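Note that the numbering used here gives residue 131 to position 1 of the sequence shown, counting from 1, and the numbers run on in steps of one.
First the structure, in the form of C-alpha cells, and then the observations on it.
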Amino acid sequence: MLGRAMMIGYRSGFYTDEELAIAFDMITAAGAKALRLEDYGLHVGAKADFVTLNAVHIQEAVVARPSGRSVYKGGVLVARDNRVVKAASRS
131 MLGRAMMIGY RSGFYTDEEL AIAFDMITAA GAKALRLEDY GLHVGAKADF
181 VTLNAVHIQE AVVARPSGRS VYKGGVLVAR DNRVVKAASR S
C-alpha cells in the first residue's frame with residue numbers, strides 16, 4: 131500500500147509534508163471511513179492489526195518506502211522483513 135501512496139503523491143503532484151500525509155491517509159484511515167468501519171484505528175479495544183516501519187515520519191514512509199517492516203495481527207508479531215515469524219490466526 132505504501133507504493134500506492136507514493137503513486138498517488140506522484141500523480142497528484144503532492145510534494146509538501148502535508149500533501150504526503152494526505153496520500154498516507156488515503157491508503158489507511160480514509161479507506162476505513164469510506165467503508166464505514168467503526169472499529170478502525172489505534173485505540174483501547176481495537177484488533178491491534180498494524181504494521182511498523184523503519185521511518186522517522188509518515189512522509190519518509192511514503193517517499194522512501196523503507197525496509198524493516200514488522201507486521202502484527204491481534205497484537206502478535208507475525209512477520210518481520212518479509213519473513214513469516216508466526217502464522218496468523220484467522221479471526
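We put the CB at the ideal spot given by N, CA and C, even for glycine.
Fair warning: this is a prediction, and the values are worked out from it, not measured in the lab.
- With contact defined as three or more Cβ pairs closer than 8 Å, the stretch 196-203 and the stretch 179-187 are in contact.
- For R195, same chain residues with a beta-carbon under 6 Å away, outside a window of 5 residues either side, are L132 in chain order.
- Here K203 is near A178, since their CB atoms are less than 9 Å apart.
- Annotated as distal: G143 and V192, with beta-carbon spacing of 9 Å or more.
- In this structure, the alpha-carbon of R166 lies about 10 Å from that of A160.
- R134 sits close to I157, with the two beta carbons spaced by under 9 Å.
- Here D147 is near Q189, since their CB atoms are less than 9 Å apart.
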